[in-house]
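Residue numbers (this note's numbering): 1 to 126.
Take a look at the structure set out below.
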């Protein structure tokens, strides 16, 4: 008579108990492992995005510092205006000093004409 323990454990039936246990454990842990892999990939993508944002913000901050540099102002440009552009034209650059300036014109330039007598030989001179 066969032992009642052998058929219940599958030891005498030829069933590979180890393979069944491995498959069950893998089925149980495989889903969790895939979830961990997906979350790891998601976290890596988020870290990459944050790193890109940090680099862009650093570049923006450096550009803003250049605009506020008192030694070489790139944005502190002043404009020059004139009440009468036909008499005087005003321009400025980034080294202009703020303020109001008055230009007084004492006299205007006049045109003059210089003429001489004709040369005896026409267009040639001797």
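Quick reminder that beta carbons are idealized off the backbone N, C-alpha and C, glycines included.
Everything numeric in this text was worked out from a predicted model, so none of it was measured.
Residue j beta carbon less than 8 Å from that of residue i
i: residue 78; j: residue 92; result: yes
i: residue 104; j: residue 87; result: no
Under the three-state DSSP convention, the category residue i falls into
i: residue 68; result: coil
i: residue 135; result: Since the displayed the chain opens at 1 and closes at 126, residue 135 lies outside it and no answer follows.
i: residue 55; result: helix
i: residue 44; result: helix
i: residue 2; result: Here residue 2 scores only 49 on pLDDT, less than 50, and its place in the model should not be relied on; the value that follows carries that caveat. Coil.
i: residue 38; result: helix
i: residue 33; result: helix
i: residue 104; result: coil
i: residue 60; result: helix
i: residue 19; result: helix
i: residue 50; result: helix
Neighbour-count burial assignment, residue i, 16 or more Cβ in a 10 Å radius
i: residue 55; result: exposed
Residue i: CB within 7 Å of a non-hydrogen atom of the ligand ATP
i: residue 21; result: Inclusion of the ligand ATP in the displayed structure is not the case, the ligand content being empty and no account of it being possible.
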